[in-house]
Structure formats: C-alpha cells, structure tokens
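Residue numbers (my numbering), protein chains in the order written: chain A, 160 to 274; chain B, 160 to 274.
Note that CB positions come from ideal geometry on N, CA and C, so glycine has one too.
As the structure is a prediction and not an experimental result, all values here were calculated from the model.
Read the structure below first, then the notes.
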DNA sequence: CGATATACTTCATCTGTCAATGTATTTCTT
DNA sequence: AAGAAATACATTGACAGATGAAGTATATCG
C-alpha cells in the first residue's frame, strides 16, 4: 500500500528545496532521487512536480535556466537562491516541530489515573 | 511562529479519531485537548473541525448523538465505530511510515564521496 | 446588563494534487 | 530501419481539504 500523497501535501516544495541545497538539478533527476531515497516507496506525479517549480520560482526561492544542449532531451535546471536557503531552513525546523506535534496528537494516552 | 496548518492537512481526521479511541467526545472538548496536548501550539479552526466530523460520519468511522440536556450549550457527541478503529490503526501506521519518508527526504546528504 | 466562554453550523473561496493529454528526443531491441 | 521504452518538460480542468466570515444559542462572570 503506497503512502497517500495527501499526507505529504505541503511538503513537496521543501523536498525539492532540500535537493537543490546540494546542487542544481532538474525535474526528472529530482524525482529519481526521491524514489531512490525512499526505496521506491514514493515519487511525485509529474504535474505536481512541475507546478511546484512554478510556485517556487514565483516565490523567488529558485531560479531556472536551460541546460547545455548535450545529448538527450533538453533539461530545465533549477538553482536555489539565498532566500530559498533561508526558507529551507525555516521549513526544516518546522518539520521537526510538526513531528513532535503529530507524535503528541496521534498517540493514545495510556494513563487515565491522574488528571 | 505557529505551525502552518497546510503541513498538518490530511491529519485532521486522524487526530480526531485518536481522541475518540479513548472515549466519546464533542468538538469543543476535542479542540481543547488538542491545545493541551500541544501546549497551546496548535488548535483547529472551527470550520475545519466540524467539516471533519461530517466527513468521518459519512465514511462510517464515527457516529453522532446529542448529549443529555444538562446545563450549558447543547453538545453533539461522537463515538468511534469498529470500522473507525481499524481506520485509526491504518492511519497510525501510515504516520510512522510518513515520518520515515520525510526524514529521508528533508535531510541534506553530507557524504558526496561514494556514489 | 454587557462581555466572555461554551458550543455548533453553513457557505464561498483558496490552494495543492493529479488524471489526462500533448510535445520532443534518445536509446534499446529486433 | 521500424517500433518500443526511457528521458524530459508543460498545460488544463477537476477535486478535496482548510478556512475566513457570518450566524445561532446558552451560561457565567463582573
């Protein structure tokens, strides 16, 4: 049973930013890396991926350029901006907090003694 | 800075189910518990909460009944069904998996030596 | 008596996801 | 050389969950 993407909603942009923190990349490669990192458990739908790029560009967190015309289909590369790095940091910390919140909210409370 | 609710999107139903696993409850109380459990860091918007009840009822995971006419405003209580308990278990496990996925996807890879 | 807390409801709007569809090039297979 | 599969990107319309806003009603506190 695959992970429902609705649960990951809102993390798409952060996942992309994480990879661009390491190096410039393009859609197809980023998606392959997502598959690799999750051992094939998750991948973006193409439409989701490319809408995310638009969103990130409009926000000023990434910039785009066409790759050199080597062999293979033309690639649109993306680079993270300074503002993008700040945003990644913010979101990264937010994820830590979200984890804590959900861990607190999704666990059954055993102890009903003291209240 | 509060947690952006877009990040918790999709977890609303599971958070509610978790509390109904313990005992029957009603909207206002559930929301107060969310605040308590998260030390005031999070709470549902009313509209979010009550649309979630509708959704859960329609799915057959909870049932509703009006509380006894005691003092105070009338309360609509909710109880989790057997199907709801199964669903909670499924979602609970999904959260464990989601955590792992996101931990893998939101961390910068330090080591660029071997590839 | 007015403010505040408790408690629930509905509706219009916004945003992110995604199925469907299309374009184009390269590589692999036969 | 023909056809399939992989690489690579883009757009559009539909859908679902979250939410601001507005409303209803009762109880409590100063």
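Best match in the options for proximity to residue i [C-alpha to C-alpha]
i, options, result
"residue 253 (chain A)", "B:171, B:200, B:195 and B:223", "B:200"
"residue 223 (chain B)", "B:170, B:185, B:262 and B:256", "B:185"
"residue 220 (chain A)", "A:183, A:261, A:269 and A:162", "A:183"
"residue 266 (chain A)", "B:225, B:264, B:163 and B:180", "B:180"
"residue 218 (chain A)", "A:268, A:194, A:262 and A:239", "A:239"
"residue 242 (chain B)", "B:264, B:216 and B:260", "B:216"
"residue 212 (chain B)", "B:227, B:260 and B:171", "B:171"
"residue 169 (chain B)", "B:250, B:256 and B:264", "B:250"
"residue 161 (chain A)", "B:256, B:194 and B:164", "B:256"
"residue 194 (chain A)", "B:268, B:263 and B:269", "B:263"
Residue range of the beta strand (DSSP E) that includes residue i
i, result
"residue 224 (chain A)", "221 to 225"
N- and C-terminal bounds of the alpha helix (DSSP H) containing residue i
i, result
"residue 162 (chain B)", "Per DSSP, residue 162 (chain B) belongs to no alpha helix (DSSP H) and is neither H nor E."
"residue 212 (chain B)", "205 to 217"
According to DSSP, residues forming a beta bridge with residue i
i, result
"residue 235 (chain A)", "A:225"
"residue 184 (chain B)", "B:237"
Anticipated Cβ contact below 8 Å, residue i with residue j, distance rounded
i, j, result
"residue 197 (chain B)", "residue 260 (chain A)", "5 Å"
"residue 226 (chain A)", "residue 236 (chain A)", "5 Å"
"residue 258 (chain A)", "residue 258 (chain B)", "6 Å"
Any non-hydrogen atom of the ligand ATP within 7 Å of residue i CB
i, result
"residue 180 (chain A)", "For the structure depicted, the ligand ATP is absent and the ligand set is empty, with no information on it obtainable."
At a cut of 8 Å, does the region 202 to 219 of chain A reach the region 186 to 193 of chain A through at least three beta carbon pairs?
yes
The region 244 to 261 of chain A in contact with the region 174 to 188 of chain A per 3-pair CB rule at 8 Å:
yes
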